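Under the numbering used here, the first residue of the sequence shown is numbered 8, with each subsequent residue one higher.
Cβ coordinates follow ideal geometry from the N, Cα and C atoms, glycine included.
Please read all numbers here as calculations on a predicted model, not as lab measurements.
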Amino acid sequence: MLLRIVASFLFAATLTAQHSETSLTNPFRSPDDRARGGAFFRSQCASCHGIDGKGGASGPNLTTGTFRHASNDEGLFRLITKGVPGTSMPGFSMNGREIWQIVAFIRGLSASRTGIATGDAKAGEQLFRSQNGLSCHWLHGAGNPRGPDLSSVATRLSPAELVQALTDPSAEVAPEYWRWTSGSAQGYRLNEDTFSVQILDKSGKLRTLSKALHPNATLDRRSPMPSFAGKLSTNDINNLAAYLGTLQGGGAAAAPSAPAPEDRPGNWLTYHGNNAGHHHSRLAAITPQNAANLSLQWTFQAQSLEKFEATPLVVDGVMYLTEAPNTVIALDAATGREYWIYEHKNPDVTYPCCGKVNRGLAIHGQTLFMGTLDGKLVAIDAVTGQLRWETVVVDFKKGYALTHAPLVVKDTVLIGTAGGELGIRGFLAAYNVQNGAKKWQFDTIPAPGEPGFDTWGGDSWKHGGGPIWLTGSYDPALNLTYWGVGNAGPDWNAKVRPGDNLYTSSVIALNADTGKLQWHFQFTPHDEWDWDAVQTPVLVDREWRGKPRQLMLWANRNGFFYILDRATGEFLQGTPFVKLDWAKGLDDKGRPIRVPGKVPSPQGTVIFPGVQGGTNWFAPSYSPRTDLFYLNVWDDYSSIYFAWDQEYEQGKWYAGGGIKADVQSTRRDRLARRDPKSGYGAVRALHPATGAKVWEYRMTDVTDGGIVTTASNVLFTGNREGHFFALDATSGKLLWDVYLGGQMAASPITYEATGKQLVSVAIGHTLYTFGLRP
Numbered sequence: 008m009l010l011r012i013v014a015s016f017l018f019a020a021t022l023t024a025q026h027s028e029t030s031l032t033n034p035f036r037s038p039d040d041r042a043r044g045g046a047f048f049r050s051q052c053a054s055c056h057g058i059d060g061k062g063g064a065s066g067p068n069l070t071t072g073t074f075r076h077a078s079n080d081e082g083l084f085r086l087i088t089k090g091v092p093g094t095s096m097p098g099f100s101m102n103g104r105e106i107w108q109i110v111a112f113i114r115g116l117s118a119s120r121t122g123i124a125t126g127d128a129k130a131g132e133q134l135f136r137s138q139n140g141l142s143c144h145w146l147h148g149a150g151n152p153r154g155p156d157l158s159s160v161a162t163r164l165s166p167a168e169l170v171q172a173l174t175d176p177s178a179e180v181a182p183e184y185w186r187w188t189s190g191s192a193q194g195y196r197l198n199e200d201t202f203s204v205q206i207l208d209k210s211g212k213l214r215t216l217s218k219a220l221h222p223n224a225t226l227d228r229r230s231p232m233p234s235f236a237g238k239l240s241t242n243d244i245n246n247l248a249a250y251l252g253t254l255q256g257g258g259a260a261a262a263p264s265a266p267a268p269e270d271r272p273g274n275w276l277t278y279h280g281n282n283a284g285h286h287h288s289r290l291a292a293i294t295p296q297n298a299a300n301l302s303l304q305w306t307f308q309a310q311s312l313e314k315f316e317a318t319p320l321v322v323d324g325v326m327y328l329t330e331a332p333n334t335v336i337a338l339d340a341a342t343g344r345e346y347w348i349y350e351h352k353n354p355d356v357t358y359p360c361c362g363k364v365n366r367g368l369a370i371h372g373q374t375l376f377m378g379t380l381d382g383k384l385v386a387i388d389a390v391t392g393q394l395r396w397e398t399v400v401v402d403f404k405k406g407y408a409l410t411h412a413p414l415v416v417k418d419t420v421l422i423g424t425a426g427g428e429l430g431i432r433g434f435l436a437a438y439n440v441q442n443g444a445k446k447w448q449f450d451t452i453p454a455p456g457e458p459g460f461d462t463w464g465g466d467s468w469k470h471g472g473g474p475i476w477l478t479g480s481y482d483p484a485l486n487l488t489y490w491g492v493g494n495a496g497p498d499w500n501a502k503v504r505p506g507d508n509l510y511t512s513s514v515i516a517l518n519a520d521t522g523k524l525q526w527h528f529q530f531t532p533h534d535e536w537d538w539d540a541v542q543t544p545v546l547v548d549r550e551w552r553g554k555p556r557q558l559m560l561w562a563n564r565n566g567f568f569y570i571l572d573r574a575t576g577e578f579l580q581g582t583p584f585v586k587l588d589w590a591k592g593l594d595d596k597g598r599p600i601r602v603p604g605k606v607p608s609p610q611g612t613v614i615f616p617g618v619q620g621g622t623n624w625f626a627p628s629y630s631p632r633t634d635l636f637y638l639n640v641w642d643d644y645s646s647i648y649f650a651w652d653q654e655y656e657q658g659k660w661y662a663g664g665g666i667k668a669d670v671q672s673t674r675r676d677r678l679a680r681r682d683p684k685s686g687y688g689a690v691r692a693l694h695p696a697t698g699a700k701v702w703e704y705r706m707t708d709v710t711d712g713g714i715v716t717t718a719s720n721v722l723f724t725g726n727r728e729g730h731f732f733a734l735d736a737t738s739g740k741l742l743w744d745v746y747l748g749g750q751m752a753a754s755p756i757t758y759e760a761t762g763k764q765l766v767s768v769a770i771g772h773t774l775y776t777f778g779l780r781p
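If you want it as structure tokens, here you go:
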């Protein structure tokens, strides 16, 4: 028990009073401020000064305690703000508090050299281990993640503060470690409001409790650990503090081993709901007969004004949601109340193609995974919200970003790179869920000597695009993972990249253990329209022409609905599902038979479908109950495509052209002519064996929203007009509609909490959750 609780409070603190930013004394130097300053330092400064501040290729060592261009805290503040003329040190346009926090972190780097903890660090480590210090704490991937991470405690606390934490642990206790108790219900208080309290209980579960049912609850702000003063000798305390003072980050990180969350019908465990990409739920409490009784249960208001494209996960009553650009929130799935928030600090400048978005998370055991705009994969403890590990996937300054929800396959987390409009060379990479160690990488643009390289002319492969920005699927029986690959670069000036341009606008099937390519199918060879193939691979086992077959269903942005054999990649069938005029059809291998002249041009060419395609990234759904494939379509829409010459410049848009809406199919023109047949959006049901339309539900405008279906044959979706609605999945009949006033640009989910089926969807800047009235 010795350190079971002590380090829970080792670096907890309250904020110091705020003073003028020009004060000679740093007003933000608490342990919490140093922790935040460390996060800023790692994102803004580590590339020059090293992750540990000990110097790098272009930055000096900051751990010495002396600085050539600054003699005090105010000098450091001005140096960071204004930079150093004539050197590689730039000025930073961060707010004053953030800069003061970086100053506090830098001062902490040198504290161990000047502090009072002069004990024997090796003896302190032995004492830490012998006293079972890892029974509560997290240290370089070992221990108990319920307690704070000590891996970089020395960057948060000075030696004097470490000694104080050991001898007077109740001096500073962070609010999230105050102990809430009411009879047998007790735990750390994470959050509360007038009517409820959110706790992490003794069993390690997140719970929301009603204050009305616990009127005599108590809140203990003290550390439960008694002082080590008098229990350990002064020499032992100094040794222990000396050891803790060596913990400045780094080391072998790992995530705790834990079984995967159980796949119960009430959970929503992956971005698509299952690894087959069905976006379908086995829940059936909401039916066509009672759907009209749906009502709003709770809302969550995003603080970010970026696009809200996230699809949440739900695990045993806890919802995990991302808010753009890279914030993770744990919510009570029944009430929407917050348990914890984790915020990844991105640099001021990142390079996402189409907004600072994030579409979601993956989970393995009790660890969440998120990709970031600055090219990192982060692992977060799902119970505490603490960072488990992070690893750099790619240099974001070259135009890359990570925006899609990762996919976990066995003990591996997979993530791909966005940036097709910025001249990247895309790839899919695999990392060990335990420690972030890289296992393999598949480059979507082949290099010289690799299969497919001959489909690129000259040096065009170097900036060939091929992004992966939507979550793939996985077949455990075949051990294959399937991913859609995006557009070639530049998008519209295809003459600079002669050839088919593999593996852009394709689906790739990779061995999940090795990343080796098993097969590929290219939907749009030499894509000149930016249609890519970033859609959901939907895996279905059903009969094909009288025999059982392992199928892949794919509604492509180019306007064709494809049926492939997912074991071999064999093309089985392709059928247009929207109006298209760029191809006459598909040959017996699935290759488009192109129409001459239907390509971008300097003067502009009108082409169907438009640049958004017949459908896009938003989720389709396959229901095993109805044996139908559902998707949102943009039909009878065109764009005017332009092409021009453009040289590649790192970090800049590299499209080689542009597009303009065809005035004949704009919404305003359509309404003025009152012609419902000229450009429209629709929810459409297709037969998976033929691609034939079974039914459709037309909308006045189009949508960027996805679809979820249920075992009771209810379909949920929404549109750009601000409506969220339910249809009968067998007929397309409208069952229920609510106007929410914002654009839907995400895919909804349905789940169970406290025994009740709920439906959640992000619209505008709000997550709305609906359930049946009692």
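Residue i (DSSP reduced to helix, strand or coil)
{"i": "residue 396", "result": "strand"}
{"i": "residue 510", "result": "coil"}
{"i": "residue 403", "result": "helix"}
{"i": "residue 306", "result": "strand"}
{"i": "residue 80", "result": "helix"}
{"i": "residue 467", "result": "helix"}
{"i": "residue 660", "result": "coil"}
{"i": "residue 849", "result": "This structure cannot speak to residue 849, because the chain is shown only from 8 to 781."}
{"i": "residue 672", "result": "Any reading at residue 672 must be qualified, since the residue scores a pLDDT of 48, below 50, and its modelled position is unreliable; no value is offered."}
{"i": "residue 599", "result": "strand"}
{"i": "residue 582", "result": "strand"}
CB of residue i within 8 Å of CB of residue j, strictly
{"i": "residue 620", "j": "residue 641", "result": "yes"}
{"i": "residue 630", "j": "residue 546", "result": "no"}
{"i": "residue 501", "j": "residue 533", "result": "yes"}
{"i": "residue 321", "j": "residue 756", "result": "yes"}
{"i": "residue 572", "j": "residue 560", "result": "no"}
{"i": "residue 215", "j": "residue 344", "result": "yes"}
{"i": "residue 564", "j": "residue 622", "result": "yes"}
{"i": "residue 688", "j": "residue 646", "result": "no"}
{"i": "residue 488", "j": "residue 409", "result": "no"}
{"i": "residue 497", "j": "residue 464", "result": "no"}
{"i": "residue 325", "j": "residue 371", "result": "no"}
{"i": "residue 845", "j": "residue 668", "result": "The structure shown does not extend to residue 845, since the chain is modelled only from 8 to 781, so the question has no answer here."}
{"i": "residue 327", "j": "residue 337", "result": "yes"}
{"i": "residue 446", "j": "residue 657", "result": "no"}
{"i": "residue 69", "j": "residue 106", "result": "no"}
{"i": "residue 318", "j": "residue 234", "result": "no"}
{"i": "residue 329", "j": "residue 368", "result": "yes"}
{"i": "residue 254", "j": "residue 157", "result": "yes"}
Where residue i falls, given that 16 or more other Cβ within 10 Å makes a residue buried
{"i": "residue 102", "result": "exposed"}
{"i": "residue 412", "result": "buried"}
{"i": "residue 143", "result": "buried"}
{"i": "residue 314", "result": "buried"}
{"i": "residue 704", "result": "buried"}
{"i": "residue 759", "result": "buried"}
{"i": "residue 569", "result": "buried"}
{"i": "residue 76", "result": "exposed"}
{"i": "residue 361", "result": "exposed"}
{"i": "residue 552", "result": "exposed"}
{"i": "residue 196", "result": "buried"}
{"i": "residue 33", "result": "buried"}
Integer Cβ distance of residue i from residue j, believed to fall under 8 Å
{"i": "residue 272", "j": "residue 289", "result": "4 Å"}
{"i": "residue 224", "j": "residue 191", "result": "Going by Cβ atoms, the distance from residue 224 to residue 191 rounds to 12 Å, so no, they are not a contact pair."}
{"i": "residue 364", "j": "residue 384", "result": "About 17 Å separates the two Cβ atoms, so there is no contact after all."}
{"i": "residue 728", "j": "residue 711", "result": "That belief does not hold up - the Cβ atoms of residue 728 and residue 711 are roughly 11 Å apart, past 8 Å."}
{"i": "residue 169", "j": "residue 252", "result": "6 Å"}
{"i": "residue 462", "j": "residue 494", "result": "Residue 462 to residue 494, Cβ: 15 Å. No contact."}
Inter-stretch contact at 8 Å, needing at least 3 Cβ pairs: the segment 457–474 / the segment 415–430: Taking 8 Å as the limit for Cβ pairs, the verdict is that the segment 415–430 does touch the segment 457–474.
Okay, do the segment 572–586 and the segment 522–532 touch, 3+ Cβ pairs below 8 Å being the bar? yes
Taking 8 Å as the cut-off, does the segment 224–233 touch the segment 177–186 (at least 3 CB pairs, one atom from each stretch)? Taking 8 Å as the limit for Cβ pairs, the verdict is that the segment 224–233 does touch the segment 177–186.
If you pair each beta-carbon of the segment 579–599 with each one of the segment 515–526, do three or more pairs fall below 8 Å? no
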